[in-house]
Amino acid sequence: MAGETFDVILTHEHTDFDALASLLAAALLFPEALPVLPRQLNRNVRDFLALHKNHLPFLTDRELPRGRVRRAILVDTQSANWVKGMDENVELFIIDHHPADGDQSRASRFWFEPVGANTTILVEKLMEQGQDLTPVQATLLALGIHEDTGSLTYSSTTHRDARCLAWLLQPEHHVNLEVVAQFLHHPLSEAQRALLEQLIAHSEFLEVAGHTIVIAQATAPEFKEEISALASRLRDFHETDAVFLVIDLGDIVQVVARSTTDEIDVGKVAEGLGGGGHTRAAAAPVHGPGVNTQTVRDRIVALVEQHSRSALTVGDIMSAGRPQILRPHMTIQEALELMQRYGHEGFPVVEELPDGREVLLGVLTRREADRAVSHRLGNEPVTRFMRAGQVTVRPDDAVSTLRRRMIESNWGQIPVVDDQGHIIGIVTRTDLIKLWDEKALPRRHAEEIAARLQSSLTPVQHHLLALIGDEVDQMGYTVYVVGGFVRDLLLGTRQAGSLALDMDIVIEGNAIEFAQRMQRLYGGRVVPHRRFGTAKWLLDDPDHPVDREKLLAGLEATEKEAADLPPHLDFVTARTEFYTEPTALPTVERSSIKLDLHRRDFTINTLAVCLNPERWGELLDFYGGLNDLNAGIIRVLHSLSFVDDPTRILRAVRYEQRFRFRIEPRTLELLQDALELLDRVSPARLRHEFERILQEEEPERTLARLAELGVLARIHPELEVDEWLADRFARLRAALAAPPEDPESDPALREEAIERLYWGLLVFRLTPKANQALFRRLGLRGETQRLVQGLMTFRAHLEELDTPGLPASRAVAILDEVRPAAVALAAIACADRPQIQQVYRQYRDVWRHVQPELDGNDLIALGLPRGPLYRRILTALRAARLDGKIQSREEEVEMALALAAEAGADKVQRTARSRAQEHGQAGKGI
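Residue numbering for the sequence shown is 425 to 1350, as defined by the numbering used here.
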């Protein structure tokens, strides 16, 4: 009847298998809706329907009933193809895997999922409701996922696509894989082959943003077949980064694009032409006045430049800097020792000619060296076992060129040379493999990092780093900020103005020369350390002031803002290091940023951010640090990390607890295997690590984990971490945070370094003997030692101080021998003893302030002989005052005279008494 309404399911013209399969899946999910075939189908889809249409629910536009379309469900498209019965008021329900491409306000519902095939979105719903499928239905759905994911090989493929395909391939669905293969790789028709030949003949190769692209033009006004299959064939034929077909069909110019890399977003290019698609597959019908294949070609070039990232080159992934090389006369054994020292898998063999030029002879790998030594041929020259040849690449060569050279030569390490043929770096198979993880590519996140630098630094500090980048750039060097600063920046734990004074600024070049340049330009003083290639630029030296006006030129900074300049900056030459034996300090050699980062402790500390103007904010992540940071993992870079430096054991646990991360299993295994090496670490280095732990916000968490792993027992078997310690640490923090008027507040605590106070609580329960052993093991001295000694004095009198009714004078006599911070800390340690708390508060608030009215001058006036007697008398007077035995000055005089008499000063005492009487009432005027 004419008044009836119904729902339809629609998809795009030039229908492919993903669109057709989506049409079917939607029909199964919404059985009340009618699935309508578009007018134009791809040839392989048309051929499939010719065989199987009778087993599928599709209708044509002509087969729709009379009436009005109430709702149109759009699948694999966001633009409705108008069919009979549709009007402006139709309700739209969009199901698509392409991002929204315009105004979706007319859509009442919008299902978008970032998956490889649109079919996947709908098959997931079928899985949820346990939909039964016929073999033809299951085969078509499998075709849809296969086609739009390249059989699960395209970069847009997700685990969800694979899961849906696996469900379809379950035996009960009877998917016919022969049919899938037949229609995925459908032979070309005569018309398609003729058009392909025309496209090949008119293919233009262009270099755009470092990528090789092909634009192939053709004229085919009578062509009615599928074009997308030709794009894939041409892409495979030319082996380029992207291919664009530009075909004049008479009424329109049809563009079909394919890309082999996410660096070229052909979807964005197609959008610019009025079409759309994915990053690697897209299309656009172009029409309008003046449109022809040449004008469209020019627009494509402009759009590719706009929507492409520069191609990765060898220079982006290589280890820059002259690598270790072998000379022809060197023996296999000597080469193997170098490989073991530096941990490399191969070295180039280079001969120096009489005129100073160098010639590459080949590469010797670790495997070949090991085999030669196993055959007792270690004394043979390296030239006997090297892989001979002169395979090299240049820094600006594309990564695809490198990959091809490696395959052709079977070399795993290829030297990188400059225009003069000098070796300036090396690139390895491992460097290529790391490119599989797109997130780990060196050039990512520049805009995000730049924004974070802006928000995490004050204007003055940000200006200073930018200035460093500019000045380094002028010297032809590259500069990076690395390590903990970058880690905290990515974690979001840096607040505005929190520029770390220990920020690592690493220069690929000569850091000392750069620091001296900054001194010449802006003042200050440079302290070089030539052995390690480092330099400290002092900005606060009063004898060598910096020129602030020049340094901050272009920045309108107030005097207060200018104070944000750090007192110094440390510049480090990019270097590598090796250890001659476990726990020894490393031997250092100049190297590249990549090798500099490799010497660091954990992957999360290997991230670097470039400060050069052209690369500002560019993140370098050679060792998976970003992935581990996102996953919350502490991981060492190599299996000998804890052997090289056992203090990394304590650092690993500190980072784990600070960031609420976890030490990954293999790293934990290596950590526990290296515990005994802590016995060989110097006291100063151990002490430094413990100080860092005790400076954490909640050090008890790190200490508890160290105890759990057996680390504390290795330092001293009596060290204990339990609920008692956690409670006392928390009480200490509360006391330090309490306002002055709070009963828990004690100013003596705030005068001590927090790490000393924590240490005092940690060792409070240890015996004096154990504490002495710890003093020696960690080299504790100075203020820490004095604080602990005070605590030990308190401990020695603990039971006496905890005795009810203890005279105040006795308590004061004990506590006066202990520094005030130690008394306050001991009171925290004894929080569960009420008597101790009462004695502490009385001592803190009253007793320690009690003094006799008489002093030494008064005793002289009394005629008492000078000497030790004065101290005894004044001490006794104070004790009597504390215990309430005397309350007045007169009583003090009487007591002083009595004490003098007891000391054998009778004559003196009588004289003093008569002097007192001469002045009237005893004691007055004294």
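Ideal Cβ placement from N, Cα and C applies to all residues, glycine included.
Cutoff 7 Å; reference residue i; Cβ partners in own chain excluding five residues on either side
| i | result |
| --- | --- |
| D820 | T737, G739 |
| L636 | Here residue 636 turns out to be Thr, not Leu, going by the sequence shown. So the list reads F629, T664, D665, once near-sequence residues are dropped. |
| L976 | V884, H887, A986 |
CA-to-CA distance, residue j to residue i, given in whole angstroms
| i | j | result |
| --- | --- | --- |
| S503 | I497 | 11 Å |
| G1349 | P1258 | Here the model assigns G1349 a pLDDT of 43, short of 50, so the residue's position is not dependable and the matter cannot be decided. |
| A707 | V725 | 15 Å |
| R790 | L856 | 19 Å |
| L914 | G907 | 11 Å |
| T439 | I847 | 54 Å |
| P747 | G786 | 14 Å |
| Q1209 | R1295 | 28 Å |
| V950 | G957 | 13 Å |
| L1198 | H1140 | 7 Å |
| G696 | L727 | 7 Å |
| E1144 | L1186 | 8 Å |
| V715 | V514 | 33 Å |
| A562 | C588 | 11 Å |
| A1158 | F1188 | 19 Å |
| A735 | L1156 | 57 Å |
| P1292 | Y1267 | 26 Å |
| T643 | S613 | 17 Å |
| N466 | L891 | 58 Å |
| E973 | H731 | 42 Å |
| L452 | T573 | 22 Å |
Residue i, DSSP secondary structure in three states
| i | result |
| --- | --- |
| K960 | strand |
| G696 | helix |
| S1169 | coil |
| L444 | helix |
| Y904 | strand |
| I749 | coil |
| L669 | strand |
| E983 | helix |
| T582 | coil |
| C588 | helix |
Enclosing alpha helix (DSSP H) for residue i [first to last residue]
| i | result |
| --- | --- |
| Q1262 | 1258-1269 |
| I1028 | That residue, I1028, is in no alpha helix (DSSP H); it is neither H nor E in DSSP. |
| Y1047 | Careful: Y1047 lies outside any alpha helix (DSSP H) and carries neither H nor E. |
| I741 | 738-741 |
| G770 | Run containing G770: none in the alpha helix (DSSP H); it sits in the beta strand (DSSP E), 770-776. |
| R419 | Since the first residue of the chain shown is 425 and the last is 1350, residue 419 is not available in this structure. |
| A1108 | 1107-1118 |
| T755 | No alpha helix (DSSP H) contains T755, which DSSP labels as neither H nor E. |
Residue environment, residue i, which counts as buried when at least 16 other CB atoms sit within 10 Å
| i | result |
| --- | --- |
| A474 | exposed |
| P991 | exposed |
| G699 | buried |
| Q678 | buried |
| N478 | exposed |
| S532 | exposed |
| W506 | exposed |
| D994 | buried |
| K1018 | buried |
| V851 | buried |
Continuous beta strand (DSSP E) stretch holding residue i: start and end
| i | result |
| --- | --- |
| T431 | Note that residue 431 is Asp in the sequence shown here, rather than Thr. Unbroken beta strand (DSSP E) run through D431: 429-434. |
| Q837 | 837-841 |
| S627 | 627-632 |
| I639 | 635-643 |
| H992 | 992-997 |
| L1095 | Here L1095 belongs to no beta strand (DSSP E); instead the alpha helix (DSSP H) covers 1089-1097. |
Sequence-distant residues of the same chain with beta carbon closer than 8 Å to residue i, five excluded per side
| i | result |
| --- | --- |
| D1240 | R1272 |
| T429 | G491, R492, V493, R494 |
| A1150 | E1124, A1128 |
| V720 | V670, V677, V679, L697, V710 |
8 Å Cβ cutoff, residue i in contact with chain B
| i | result |
| --- | --- |
| L1230 | The structure shown contains no chain B, having only a single protein chain. |
Cβ shell of residue i (< 6 Å), same chain only, five flanking positions each side left out
| i | result |
| --- | --- |
| L889 | L1035 |
| F809 | E792, A796 |
| A1248 | D1170, A1172, L1173 |
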